[in-house]
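Please read the structure below before turning to the comments.
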Amino acid sequence: MLNPVAVLKFVVACLAAYFLGNVNPAILVSRAIGGRDGDIRKQGSGNPGTTNMLRVYGKKAAGLTLLIDVLKGVVAVLIGKALGGAGLGYLCGFLVEIGHMWPVCWGFKGGKGIATGLGVILAISPVYGLLELAVAVCFFAATKMVSPGSLAAAVALPILAHFFAPGFFWYALALGIIVIYKHRANIGKLMRGEESKISFKK
């Protein structure tokens with residue numbers, strides 16, 4: 024027989040994780056800077072994420088966006104672990120990513136999940152998270168473009184999960200595929216040699 028308290032904790036954790044993912048700092052920060060007309064979704068690439076914030080609003084706005092997105096992932100996993108153990112923590116890590124990429128509060132149009140995903144895997148296993156970060160940084164350093172690093176990290180996600188977080192493997196595989204799909208426009212630009220390099224001048 025199902026334990027009503029356990030079921031309630033499960034539902035609360037899952038909903039909290041998904042709606043935590045709906046909190047999009049790129050949209051909120053850009054509106055705080057420029058009002059509704061400053062909405063990051065109407066500028067640059069249109070993606071409400073750290074990279075577009077860097078290009079449009081500069082380092083400080085991008086740094087704040089990055090920090091909040093990473094913390095979202097960390098908090099979601101910790102909520103899941105606190106209410107139901109590691110298994111629920113893994114599920115909440117997956118759901119906060121889904122909430123970030125397809126937020127009901129923003130018409131199901133969200134970011135690509137890289138920063139929030141980093142927060143998720145850091146909370147699951149710091150070694151796993153740091154290795155993922157190292158993969159992304161290496162490809163970014165070699166190309167001066169964010170998307171190759173993001174794509175490499177997506178490919179590495181389930182591979183590293185196999186060694187450092189086996190219980191997260193299937194979630195990691197699904198997220199890796201989703202992240203690659205979300206970067207399909209970037210893949211096309213890379214193939215055509217049109218992808219923009221990052222500048223830190225602002």
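The number in the working numbering is simply the position in the sequence shown, starting from 1, with 23 added.
The C-beta atom is built at its ideal place from N, Cα and C for all residues, glycine as well.
Since this is a predicted model, take the numbers as computed values, not measurements.
Simplified DSSP assignment, three categories, for residue i
{"i": "Ser-219", "result": "coil"}
{"i": "Val-46", "result": "coil"}
{"i": "Ser-68", "result": "coil"}
{"i": "Phe-131", "result": "coil"}
{"i": "Pro-22", "result": "This structure leaves residue 22 out entirely; the chain is present only between 24 and 225."}
{"i": "Lys-83", "result": "helix"}
{"i": "Lys-167", "result": "coil"}
{"i": "Ser-53", "result": "helix"}
{"i": "Ser-173", "result": "helix"}
Own chain residues within Cβ distance below 8 Å of residue i, not counting five before or after
{"i": "Leu-118", "result": "Cys-37, Ala-40, Tyr-41, Gly-44, Ala-99"}
{"i": "Ala-180", "result": "Per the sequence presented here, residue 180 reads as Leu, with Ala not at that position. Contacts found: Gly-140, Ile-144, Glu-155, Ala-195, Leu-196, Leu-198, Gly-199, Val-202."}
{"i": "Leu-106", "result": "Lys-32, Phe-33, Val-35, Ala-36"}
{"i": "Thr-88", "result": "Pro-48, Ala-49, Val-52, Gly-72, Thr-73, Met-76, Ala-138"}
{"i": "Val-160", "result": "Gly-172"}
{"i": "Ile-56", "result": "Tyr-80, Ala-84"}
Where residue i falls, given that 16 or more other Cβ within 10 Å makes a residue buried
{"i": "His-123", "result": "buried"}
{"i": "Arg-78", "result": "buried"}
{"i": "Phe-186", "result": "exposed"}
{"i": "Asp-60", "result": "exposed"}
{"i": "Val-28", "result": "exposed"}
{"i": "Lys-220", "result": "exposed"}
{"i": "Cys-115", "result": "buried"}
{"i": "Leu-174", "result": "buried"}
{"i": "Ala-176", "result": "buried"}
Contact set for residue i: own chain, Cβ-Cβ below 6 Å, skip 5 residues either direction
{"i": "Gly-112", "result": "Val-100, Gly-103, Lys-104"}
{"i": "Pro-171", "result": "Phe-162"}
{"i": "Ile-91", "result": "Pro-48"}
{"i": "Ser-148", "result": "Phe-187, Ala-188"}
Cα-Cα separation, residue i to residue j
{"i": "Ala-188", "j": "Leu-94", "result": "20 Å"}
{"i": "Ala-184", "j": "Trp-193", "result": "9 Å"}
{"i": "Met-214", "j": "Arg-207", "result": "11 Å"}
{"i": "Ser-53", "j": "Ile-137", "result": "19 Å"}
{"i": "Ile-15", "j": "Arg-64", "result": "Absent from the model: residue 15. The displayed extent of the chain is 24 to 225, so no value can be given."}
{"i": "Cys-128", "j": "Asn-70", "result": "16 Å"}
{"i": "Leu-153", "j": "Leu-25", "result": "38 Å"}
{"i": "Ile-182", "j": "Gly-130", "result": "32 Å"}
{"i": "Gly-58", "j": "Val-30", "result": "41 Å"}
Nearest candidate by alpha-carbon position, reference residue i, set the options
{"i": "Glu-218", "options": "Ile-182, Lys-167, Val-178, Lys-83", "result": "Lys-167"}
{"i": "Val-178", "options": "Ala-165, Tyr-204, Gly-190, Ala-164", "result": "Tyr-204"}
{"i": "Pro-126", "options": "Val-30, Val-34, Val-46, Met-214", "result": "Val-46"}
{"i": "Ala-146", "options": "Ala-109, Trp-129, Phe-33", "result": "Ala-109"}
{"i": "Gly-133", "options": "Pro-48, Leu-25, Leu-114", "result": "Pro-48"}
{"i": "Ile-210", "options": "Phe-191, Ile-221, Val-169, Gly-190", "result": "Val-169"}
{"i": "Phe-254", "options": "Tyr-151, Ala-165, Ala-159", "result": "Absent from the model: residue 254. The displayed extent of the chain is 24 to 225, so no value can be given."}
{"i": "Gly-142", "options": "Val-97, Gly-130, Ala-176", "result": "Val-97"}
{"i": "Ser-68", "options": "Ala-164, Ala-157, Lys-135", "result": "Lys-135"}
Within-8 Å CB hit, residue i to chain B
{"i": "Leu-198", "result": "Protein chain content of the structure displayed is limited to a single chain, and chain B is not contained in it."}
Sequence-distant residues of its chain with Cβ nearer than 7 Å to residue i (five each side left out)
{"i": "Lys-212", "result": "Glu-218"}
{"i": "Ala-85", "result": "Thr-73, Met-76, Leu-77"}
Residue i CB to nearest heavy atom of the ligand MG below 7 Å
{"i": "Ala-184", "result": "For the structure depicted, the ligand MG is absent and the ligand set is empty, with no information on it obtainable."}
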